[in-house]
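Scroll down for the structure; my scribbles are underneath it.
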Amino acid sequence: MKTILFMATSINGMIATKNGDENFLSNANWQSFSWNVKESGCFIVGRKTYETVQKWTEFNFDNLEAKLKIVVSSDKDLELSPSFLLASSPKEALEKAEALNFENVILAGGSTLNSAFMKENLIDEVILNFEPTIIGNGIPLFAEADFEKRLTLTEAVQISDGILQVRYLVDGRVG
Ligand SMILES: NC(=O)c1ccc[n+]([C@@H]2O[C@H](COP(=O)([O-])OP(=O)(O)OC[C@H]3O[C@@H](n4cnc5c(N)ncnc54)[C@H](OP(=O)(O)O)[C@@H]3O)[C@@H](O)[C@H]2O)c1
């Protein structure tokens with residue numbers, strides 16, 4: 000099973016403003032994300048991302064077509080909407096998806112969970128949608144953590160007026 004990190008980012012690598020606002024992301028990005036989630040059938044998010052996005056009114060994770068929606072949290076009593084499954088670690092999240100025979104899973108942030116996966120070398124591919132924005136004070140793609148990874152660029156394509164989508168394989172993973 001392949002783990003694909005899918006994130007939208009400012010050109011300087013910020014995924015939200017410091018207060019968690021994502022208003023700089025376009026509808027085209029959400030469509031691209033929705034399509035990738037539908038293709039995979041499964042996505043995984045951190046507890047803070049789940050809580051942030053579920054407050055949105057126009058679209059949120061309930062609108063996404065996915066057979067399995069996983070939230071990672073160390074809180075074993077965390078209450079989730081009925082369509083979500085709780086996992087206590089990145090590895091447990093992947094085990095739950097693997098048990099249902101998914102070919103690919105989409106890891107969809109945020110910053111802290113991305114680093115937890117990367118630190119454990121659990122990411123095979125990275126897809127970034129670069130929005131035409133620069134955010135001076137924001138939440139980075141990866142929270143500070145002790146790792147360094149090399150990637151291989153596989154594709155770069157303009158998918159809308161503003162978005163450059165770039166794909167990488169993580170070196171040393173099967174892909
Ligand atoms: N631009 C984009 O594409 C995009 C995508 C996703 C999110 N975002 C933004 O990113 C921000 C959230 O990022 P964030 O870094 O603050 O939070 P996050 O990564 O979404 O969630 C962090 C939480 O996930 C759980 N977690 C993370 N690693 C874990 C591990 N190894 N084991 C167990 N639980 C773990 C913990 O939950 P507990 O504290 O409950 O244990 C932790 O507090 C939001 O503003 C969101 O809007 C942007």
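Once you know that position 97 of the sequence shown is 96 in numbering that gives the first Met the number 0, the rest is easy, because the numbers rise by one and skip nothing. By construction, the Cβ of each residue, glycine as well, lies at the ideal position given by its N, Cα and C atoms.
Is the beta carbon of leucine 127 closer than 7 Å to that of threonine 8? yes
N- and C-terminal bounds of the beta strand (DSSP E) containing lysine 68: 67 to 71
Hey, out of Leu63, Ser73, Gln30, Ala142, whose CA is closest to lysine 118's CA? Ala142
Can you tell me whether serine 73 is buried or exposed? The criterion is at least 16 other CB atoms within 10 Å of its CB, across all chains shown. exposed
When the distance is taken between beta carbons, is serine 31 closer than 7 Å to valine 104? no
Using the rule of at least 16 other Cβ atoms within 10 Å of the residue's Cβ for burial, across every protein chain shown, is isoleucine 133 buried or exposed? exposed
Cβ distance (whole Å) where isoleucine 69 is taken to contact glycine 109 below 8 Å: No, isoleucine 69 and glycine 109 are not in contact; Cβ-Cβ is about 14 Å, not under 8 Å.
With respect to the alpha helix (DSSP H) encompassing phenylalanine 141, which residues constitute its N-terminal and C-terminal limits? Unbroken run through phenylalanine 141: none, as it is neither H nor E.
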